[in-house]
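What follows is a short report on a single structure.
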Amino acid sequence: MRTVPSIIHLDMDAFFAAVEQAAKPSLRGKPVVVGGLGGRGVVATASYEARRFGVHSAMPMAQARRLCPNAAFLSGRFAAYRQNSDIVMALLRERSPLVEPLSLDEAFVDLEAGPYGPALAEADPETGAQLVLAVAEDLRADILERTGLTASVGAAGSKLMAKIASERAKPDGLVLVEVGSERAVLSPMPVRALPGIGPATEQTLRRAGLTTVADLADAGEAELVHLLGRAHGTGVHLMAVGHDERAVVPDRDAKSVSVEDTFEVDLADRDRILYEVDQLTARCVKRLRAAGRSGRTVVLKVRRFDFSTLTRSETLRAPTDDEGVIAETARRLALQVDTTGGVRLLGVGVSQLADYTQEDLFAQAAHAAEVEVEAAAAAEAAAGAEAAAGAEAGVASAEAGGPDAADTAPAVPPALRRWLPGQDVHHAEHGPGWVQGSGVGRVTVRFETPYGPPGRVRTFAVDDPDLEPSDPLPLRRA
Numbered sequence: 001m002r003t004v005p006s007i008i009h010l011d012m013d014a015f016f017a018a019v020e021q022a023a024k025p026s027l028r029g030k031p032v033v034v035g036g037l038g039g040r041g042v043v044a045t046a047s048y049e050a051r052r053f054g055v056h057s058a059m060p061m062a063q064a065r066r067l068c069p070n071a072a073f074l075s076g077r078f079a080a081y082r083q084n085s086d087i088v089m090a091l092l093r094e095r096s097p098l099v100e101p102l103s104l105d106e107a108f109v110d111l112e113a114g115p116y117g118p119a120l121a122e123a124d125p126e127t128g129a130q131l132v133l134a135v136a137e138d139l140r141a142d143i144l145e146r147t148g149l150t151a152s153v154g155a156a157g158s159k160l161m162a163k164i165a166s167e168r169a170k171p172d173g174l175v176l177v178e179v180g181s182e183r184a185v186l187s188p189m190p191v192r193a194l195p196g197i198g199p200a201t202e203q204t205l206r207r208a209g210l211t212t213v214a215d216l217a218d219a220g221e222a223e224l225v226h227l228l229g230r231a232h233g234t235g236v237h238l239m240a241v242g243h244d245e246r247a248v249v250p251d252r253d254a255k256s257v258s259v260e261d262t263f264e265v266d267l268a269d270r271d272r273i274l275y276e277v278d279q280l281t282a283r284c285v286k287r288l289r290a291a292g293r294s295g296r297t298v299v300l301k302v303r304r305f306d307f308s309t310l311t312r313s314e315t316l317r318a319p320t321d322d323e324g325v326i327a328e329t330a331r332r333l334a335l336q337v338d339t340t341g342g343v344r345l346l347g348v349g350v351s352q353l354a355d356y357t358q359e360d361l362f363a364q365a366a367h368a369a370e371v372e373v374e375a376a377a378a379a380e381a382a383a384g385a386e387a388a389a390g391a392e393a394g395v396a397s398a399e400a401g402g403p404d405a406a407d408t409a410p411a412v413p414p415a416l417r418r419w420l421p422g423q424d425v426h427h428a429e430h431g432p433g434w435v436q437g438s439g440v441g442r443v444t445v446r447f448e449t450p451y452g453p454p455g456r457v458r459t460f461a462v463d464d465p466d467l468e469p470s471d472p473l474p475l476r477r478a
């Protein structure tokens, strides 16, 4: 264990929502919810203004709308989040080459491996702690200056305590846990505060009368191994006594992203099982996108009432992070499994991961093209019917001396573009802006940039040739 709290954990505050507020002056200080806006969409991030109404990540979007109907509900802009994440990660790497990203907005940093390493090695615990605090404050100030966003930072002698410290620092704060004080900090915390303890493990521990981290430490390793198994029990006991020697590992290359849930009562209803598969898919896609990855293989895990575990997988033509595609595949896999006796655990994962590449873009473009072809076919069919009706009218008109029907047949309208709330756009006359909403053939746009006051709102036809999608603007001028 270290003598100086030289591991820091940085976590951007409500990152996706904060980026949207920084980019859109009219949303600053107002509740903002980012996530899937469809009927089965879930919240990816809620601003602190929205959290006051009870909105939180992974909540069904329909529930979020009921809790906070006046919030701005946006579909999210991955390019903008990646753009600002790259700035933050670059600032972290200026402090140390050992940066372990956990997602777009979260990372561990080992300051001993960077330019401050020699000074920290020579410092006594008190002086070293003051140096770490100074470095962390400078880091937070640089992030604010470069992006306009706030970050919370925890510093400690281990990754476990640095993560706990950053949670205590939120929002926009800095907390340092001195080496040697780990047990005092951990003891009163609930068992769920430790990583790796989820709802099912919590219930197992609660039935044994263990509700706080102090209870876990006092129970001893043997009792926890009896309750949780060798590997998990040993790990939980080490964490409970504040012992964590995990190193900061830069550029971890995850092989897969997955989530799973164990249910207190076995699920037997097929519709309920499919509903849970959809919920797991939404959480899995959130993690996939947060890591900036996509994947080709969808994996479904099912543990049945008799503890037999089955996995089913399907490999797609190209990597994707499309929630609809992954959910449809997972549902199809679920229908292949005999669940008549009941299901106690479900899991959804994505493997064969890839970064966002041109291959993804081609796959998405192909999907969009299929949608446009379907729309065009429907429009053509409608136009054909209209043309047929027009031809009959033209014949009657010609008999009465009117124009020939062939000269008046209507043209097939082009497929209409789809505009998503929050999307960046540019208008030939009004300049840059973002989509507030669309429907019934109209799209409403607020024209503003990150560098000025709230802008004006205008409405256009969805196929207005002067309105085009655009790339996100940087949050700070170069």
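The numbers in the working numbering rise by one with no breaks, and the one at position 414 of the sequence shown is 414.
All C-beta atoms, glycine included, are put in the ideal place defined by N, C-alpha and C.
{"Check": "Using the Cβ count rule (16 or more neighbours within 10 Å means buried), how would you classify P69?", "Outcome": "exposed"}
{"Check": "Suppose the cutoff is 7 angstroms on Cβ atoms and the five residues either side in sequence are ignored; what does the same chain contact list for A169 look like?", "Outcome": "S152, V153, G154 and V175"}
{"Check": "From the DSSP output, which residues share a beta bridge with P60?", "Outcome": "V42"}
{"Check": "Just checking: is the beta-carbon of L149 within a distance shorter than 9 angstroms of some beta-carbon in chain D?", "Outcome": "Included in the structure is just one protein chain, with no chain D present."}
{"Check": "Per DSSP, which residues does K301 bridge with? Please list them.", "Outcome": "T311 and G347"}
{"Check": "Can you tell me whether S85 is helix, strand or coil according to DSSP?", "Outcome": "helix"}
{"Check": "From G148 to S470, what distance separates their C-alpha atoms?", "Outcome": "21 angstroms"}
{"Check": "Whole-angstrom Cβ separation of V225 and G233, contact assumed at under 8 angstroms?", "Outcome": "4 angstroms"}
{"Check": "Pair every Cβ in the stretch 85-95 with every Cβ in the stretch 133-146, then say whether three or more of these pairs are closer than 8 angstroms.", "Outcome": "yes"}
{"Check": "Using DSSP with H/G/I as helix, E/B as strand and the rest coil, what is E126?", "Outcome": "helix"}
{"Check": "Since T449 sits in a beta bridge, which residues does DSSP pair it with?", "Outcome": "T449 is not bridged to any residue."}
{"Check": "For the 8 angstroms Cβ check, are there 3 or more pairs between the stretch 305-321 and the stretch 338-354?", "Outcome": "yes"}
{"Check": "How far does the alpha helix (DSSP H) with E49 in it reach, from first residue to last?", "Outcome": "Y48 to R51"}
{"Check": "Please determine if the stretch 213-222 and the stretch 173-191 are in contact, where contact requires at least 3 C-beta pairs separated by less than 8 angstroms.", "Outcome": "yes"}
{"Check": "Could you name the residues of the same chain whose beta carbon sits closer than 6 angstroms to that of G437, not counting the 5 residues immediately before and after it, in chain order?", "Outcome": "P421 and T444"}
{"Check": "Report yes if the C-beta distance between E223 and S158 is below 9 angstroms; otherwise report no.", "Outcome": "no"}
{"Check": "I'd like the list of long-range same chain contacts for C483, defined as Cβ closer than 8 angstroms, with 5 residues on each side in sequence excluded.", "Outcome": "In the structure as shown, the chain begins at 1 and stops at 478. Residue 483 is therefore absent and cannot be evaluated."}
{"Check": "Taking all protein chains shown into account, do 16 or more other C-beta atoms lie within 10 angstroms of the C-beta of T315, making it buried, or fewer, making it exposed?", "Outcome": "exposed"}
{"Check": "Nearest-angstrom Cα distance between G441 and V435?", "Outcome": "14 angstroms"}
{"Check": "To the nearest angstrom, how far is the alpha carbon of E221 from that of L104?", "Outcome": "35 angstroms"}
{"Check": "Candidates A46, W419 and L139: which alpha carbon is nearest Q63's?", "Outcome": "A46"}
{"Check": "Touching or not, the stretch 16-24 and the stretch 159-167, by the rule of three or more beta carbon pairs under 8 angstroms?", "Outcome": "no"}
{"Check": "Going by the beta-carbon positions, is the gap between A31 and A58 smaller than 9 angstroms?", "Outcome": "The question names Ala, but residue 31 in the sequence shown is Pro. In this structure, A58 does not lie closer than 9 angstroms to P31 by Cβ."}
{"Check": "Use the C-beta contact count for H237: other C-beta atoms within 10 angstroms, 16 or more gives buried, fewer gives exposed.", "Outcome": "buried"}
{"Check": "Which of helix, strand or coil does DSSP assign to T150?", "Outcome": "coil"}
{"Check": "In angstroms with no decimal places, state the Cα-to-Cα distance between T488 and E264.", "Outcome": "Lying outside 1 to 478, the shown extent of the chain, residue 488 is not represented and no answer is given."}
{"Check": "Shortest alpha-carbon distance to G341 belongs to which of A121, A268, V462 and A107?", "Outcome": "A268"}
{"Check": "What three-state label does DSSP hand V185 in the structure shown?", "Outcome": "helix"}
{"Check": "Where V239 and R207 are concerned, what is the direct C-alpha to C-alpha distance, given to the nearest angstrom?", "Outcome": "According to the sequence displayed, residue 239 carries Met and not Val. Rounded to whole angstroms, M239 to R207 spans 20 angstroms at the Cα level."}
{"Check": "Between which two residues does the alpha helix (DSSP H) containing P101 stretch?", "Outcome": "No alpha helix (DSSP H) contains P101, which is instead part of the beta strand (DSSP E) from V99 to S103."}
{"Check": "E137 to L333, Cα distance in whole Å?", "Outcome": "49 angstroms"}
{"Check": "DSSP three-state label for L74, please.", "Outcome": "strand"}
{"Check": "Determine the extent of the alpha helix (DSSP H) in which T329 is found, giving its start and end residues.", "Outcome": "E323 to A334"}
{"Check": "Considering H427, what are the terminal residues of the alpha helix (DSSP H) in which it resides?", "Outcome": "First-last for H427: D424 to H427, but that is the beta strand (DSSP E), not the alpha helix (DSSP H)."}
{"Check": "Report the start-end ranges of each alpha helix (DSSP H) in the stretch 254-298 that is 4 residues or longer and not cut off at the edges.", "Outcome": "270-290"}
{"Check": "In its own chain, which residues sit with a C-beta less than 7 angstroms from the C-beta of P101, not counting the 5 before and 5 after it?", "Outcome": "M89 and A107"}
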